[in-house]
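In UniProt numbering, the protein residues as written are 1 to 121.
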């Protein structure tokens, strides 16, 4: 087997949960093969690079072995090389804390908090 449909391959290697999800992503323009928009029937072969935007994440994988049927997770990992860049580190903003029982912030306190929040942006 030297090639497979991209929608079937994405489902088989567990990039998407279902094959209809993979086909819908292709039809919606969220899947690219070798930097070209891919239809569900686009064939992938070893060495092709598949970029799939699923939800808020973009996965970039290189096809090592095209497969037609869904396999176990351990076997699926051997069918691709994950080229997805690591996500940017989450900016941990310090949390403004008030003493328990101090009541609502005064107008002056709110202005100070607003000024402090504006500096963080």
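Positions of the beta carbon are idealized from the N, C-alpha and C atoms, including for glycine.
Quick caveat: nothing in here was measured; it's all calculated off a predicted structure.
For residue i, the three-state DSSP class (helix, strand or coil)
| i | result |
| --- | --- |
| residue 20 | helix |
| residue 82 | strand |
| residue 14 | coil |
| residue 98 | coil |
| residue 27 | helix |
Proximity to residue i [Cα-Cα], best of the options
| i | options | result |
| --- | --- | --- |
| residue 31 | 61, 104 and 79 | 61 |
| residue 43 | 33, 52 and 21 | 33 |
| residue 71 | 112, 98 and 15 | 15 |
| residue 48 | 101, 66 and 102 | 66 |
Identified DSSP bridge partners for residue i
| i | result |
| --- | --- |
| residue 73 | Paired residues: none, contrary to the question. |
| residue 61 | 50 and 82 |
| residue 4 | 44 |
| residue 117 | Answer is none; residue 117 lacks a bridge partner. |
Backbone CA spacing between residue i and residue j [nearest angstrom]
| i | j | result |
| --- | --- | --- |
| residue 23 | residue 81 | 21 Å |
| residue 76 | residue 64 | 10 Å |
| residue 46 | residue 89 | 32 Å |
| residue 105 | residue 9 | 56 Å |
| residue 115 | residue 97 | 15 Å |
Presumed contact (8 Å Cβ cut-off) between residue i and residue j, rounded CB distance
| i | j | result |
| --- | --- | --- |
| residue 38 | residue 26 | 5 Å |
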